[in-house]
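Single-structure report; data block below.
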Amino acid sequence: MIEGPATYPLLRMKRKPARRELRRAARSRFLRLGLIALGSITIVSGIVAIARAADAPDPQVELKAATNALTNGNYSAARRHAETALSVSPRLPDALLLLARADLALGEGGRAEGALNRAVRAGVGREAVRPLLADAWLRQGDAERALRATASNHERAEGQRVHARALAATGDPVAATQMLDRLLATHPDDAAAWTSLGRIRLDAGDVAGADTAAQTAIAISRSDPAALTLKGEIVRGRYGLVAALPWFRAALARDAYYHPALIEYAATLGDLGRYGEMLEATRRALVARPGSPQALYLQAVLAARAGRIELARAMLAKTDGAIDGVPGVVLLGGALAYAAGDYEQAVARWRELVGRQPMNIVARRLLGAALVRSGDLRGALNVLRPVALRNDADSYTLTLVGRAFEATGERDWSARFLDRAAHPGFAHPAPFASDASVPVLANQVSDAPGDPAAIVQLVRAMLEDGDRAGALSRAQSLASLSPGAPAAQLLLGDALAISGHHAPAFRAYAEAANLRFDSPVFLRLVEAAAQSGAITDGARAVALFREQNPEDIASRRMLANLQLSARQWNAAIATLQGLTRTIGARDAVLLAQLACAYADAGDSMAALRYGRRAYAIAPMSATAADAYGWAIHRGGDPDRALPLLRKAISLAPARTDIRWHLAQALAQAGLGSEARAEIAQALRDPAFPDRDQALALERSLGAD
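By the count of my numbering, the sequence shown reaches residue 704 at its end, each step adding exactly one.
Following this line, the structure appears as structure tokens:
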């Protein structure tokens, strides 16, 4: 029997395993895989934990960084480092105290109070945090609570500073100043106390004293953004917008997100017309303090200036009423309501402002316009009456009053005010006193002899009542007692100017301008310079004010007048055109000046265009009639110009500039005898500026 070949051992068939063995093997494999995976996760977790431990911030390092940042005036960085330390050690007492101090330096009273409460729970004694808590309450507006918390006679320097600021906040700046003076007598290197003193003095109107205190604080601690910001505010008031910018930049160089400096910087840039930079600063302020009502208000101002009324209203609404007490916010809110046709809302806002600032002529004018629009003519007359009765009342106010009387059927009164509107006077500004009588105000001064505001009211009432000698005596006493207060020097200047003492008035206004060089002081200073013959000083003041406040309308008008007087026609045209872009092309005087400037510059087409528009707006204005007639004359048509120029001189017979225009047109029209008569009239004015040209024209005309 032959056997088949043996099967190769490696290819022998294996026995098929049982199902139970298969399950056991699967479980074994799964268990092994699970153990391997668990081991891997454990290893990875360990590695991650080690890495995290290696990368975790060291609380002590962060604490040291926070301390250094706080010392160097970078309060935002100090807060960030303190928060980082607390993210690792949430109950670290030193970090909580540092966080609270940084929040206080940034003006965040609510956040500081929260950090201090956490510090107390972490074991810090209440006595140690009491002055800090008082500061937090004060920054949240609870001055009375701050006063109670720091009332001890043995309060540390920190507590004394808070107590002094709380005294000022509750209306007692004299006691606050005295307390800080005592503190600084024993702690002359307390920079924070000097800054607090500077702020209190500035709020009380003592600009010179505030500047001294701020400068001392900066000399002691050059890295404090609060002192640098205060200095910037003082410089802005004393010397101008441009001069203040470096101080705000210096504060932001210490802390790029210091909210008070960002707000002041943005507002200053806006007043300079640098709107792009202003917007960027407000955006940084909103990063520093999300929802900042001050930043939102400034953005609303930007939107309003761009004509985006709905956007401006939306931005203002986002402030949730947090700064509704600020006059600028009230003014803007009324303007936005008026622009949207909501006259009742505009009336409510502006009535509130006039109630708080009864001497605010701009607010009265706006309220009167809104009342006229809303149909309350009697209300408009009541509001505008104190302004319209002044000798220096503006054409717009006089027109509003005239139209209101016209609508009520009182045409005789309407004619009087509309006639004044057509021939606005150029009288010296009168003092705008309160409705209270002199005896009442004198009693108020007797009750509060050290209150300069009461003395100012009394002096203005005395001036309005005709007691110039008594008013001047009171004003001189106040100026001597308050040499660093611009309001006192301004009052003295007014009393002197109204009494006819123009040279001393100029010196008083110069003192006021050295303390607060704003538009009211500037206008008085230039007027006094002109009246006292200090023409060069007046021109220097105009140049300086224009340099610091390039967007100011009053100074731009004054510059245009100077350019016209100097026959700088192209420069005057550039200035006047810039003004029309700012305030619109509905100002008859502005359009008339443009017409004359273009006419004398040789552009008769532009002169005719502007002269025609000026005359259409104000046909009873001597200035508009003269400008239109002069433009026609310079265009080569004296016969058509003569009726307008004759009308202008009949409306303003004392205006030698109009008489000179008429004389030239008469001469060109071949009416030599009439031209000579007009020249003779003009030459009677010793201030007539075109005397040489007039004499030359008179000689050329010869005798009849």
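All C-beta atoms, glycine included, are put in the ideal place defined by N, C-alpha and C.
All figures in this text were calculated on a predicted structure; none of them were measured in a lab.
Boundaries of the alpha helix (DSSP H) harbouring Lys231: Pro225 to Arg238, taken from the DSSP string.
In terms of Cβ geometry, Gly109 and Gln60 do not form a close pair [threshold 7 Å]. When the alpha-carbon of Ala667 is set against those of Gln444, Gly636 and Gln577, the nearest one is in Gly636.
Taken atom to atom, the span from the alpha-carbon of Ala77 to that of Ala66 is near 7 Å. The three-state secondary structure of Thr170, taken from DSSP, is coil. Assignment of Arg516 by DSSP, reduced to helix, strand and coil, places it in the coil class.
Note on geometry: alpha-carbon atoms of Ala696 and Tyr615 lie some 31 Å from one another. Taking C-beta separations shorter than 6 Å and ignoring five residues to either side along the sequence, the partners of His163 in its chain run Thr150, following chain order. DSSP, reduced to helix, strand and coil, places Ile323 outside both helices and strands of the structure shown, so it counts as coil. C-alpha of Leu70 to C-alpha of Glu527: approximately 49 Å in a straight line. For the 7 Å CB-CB criterion, Val456 and Leu496 do not form a contact. In this structure, Ala217 is the residue among Ala217, Arg182 and Ala175 with its C-alpha nearest to the C-alpha of Asp189. Ala146 places its beta carbon less than 7 Å from that of Leu138.
It is roughly 53 Å from the alpha-carbon of Asp376 to the alpha-carbon of Ala102. Look at the stretch 376 to 413 and you find these whole runs of alpha helix (DSSP H), each 4 residues long or longer: 377 to 388 and 395 to 407.
Around the Cβ of Thr195, a 10 Å sphere holds 16 or more other Cβ atoms; the residue is buried.
Glu547 is classed as exposed because its beta carbon has fewer than 16 other beta carbons within 10 Å across all chains shown.
For Pro293, the uninterrupted alpha helix (DSSP H) segment begins and ends at Pro293 to Arg305. Contact check for Leu97 and Val124: beta-carbon distance about 7 Å, within the 8 Å limit, so the pair qualifies. Per the coordinates, the alpha-carbon of Arg274 lies some 47 Å from the alpha-carbon of Gly470. Around the CB of Ser221, 16 or more other CB atoms lie within 10 Å, so the residue is classed as buried. Nearest neighbour of Pro486 by Cα position, chosen from Leu515, Ala606 and Ala543, turns out to be Leu515.
Between Glu410 and Ser374, the gap from beta carbon to beta carbon reaches 7 Å or more.
Apart from the 5 residues on each side of it in sequence, Pro520 sits with its Cβ closer than 8 Å to the Cβ of Leu490 in its chain, given in chain order. In the three-state scheme derived from DSSP, where H, G and I count as helix and E and B as strand, Asn74 is classed as coil.
Sixteen is the threshold: since fewer than 16 other Cβ atoms of the shown chains lie within 10 Å of the Cβ of Gln178, the residue is exposed.
By the Cβ neighbour-count rule, Gln563 is buried, with 16 or more other Cβ atoms within 10 Å of its own. Using a Cβ-Cβ distance cut-off of 8 Å, the stretch 88 to 95 and the stretch 237 to 251 are not in contact, since fewer than three pairs of beta carbons, one from each stretch, lie closer than that value. Here the alpha carbons of Ser87 and Met278 stand approximately 35 Å from one another. Taking C-alpha positions only, Gly159 is separated from Asp324 by approximately 31 Å. By the CB criterion at 7 Å, Arg201 and Ser223 fall outside the cutoff. Between Ala251 and Leu269, the beta carbon gap of about 14 Å keeps them out of contact (Cβ cut-off 8 Å).
Nearest in C-alpha terms to Val301, of all of Arg289, Val287 and Gly276, is Gly276. Remark: fewer than three beta-carbon pairs, one from each stretch, lie closer than 8 Å, so the stretch 564 to 582 and the stretch 530 to 547 are not flagged as touching. Pairing His259 with Ala226 gives a Cβ-Cβ distance that is not under 7 Å.
For Met315, the enclosing alpha helix (DSSP H) begins and ends at Ile309 to Ala317.
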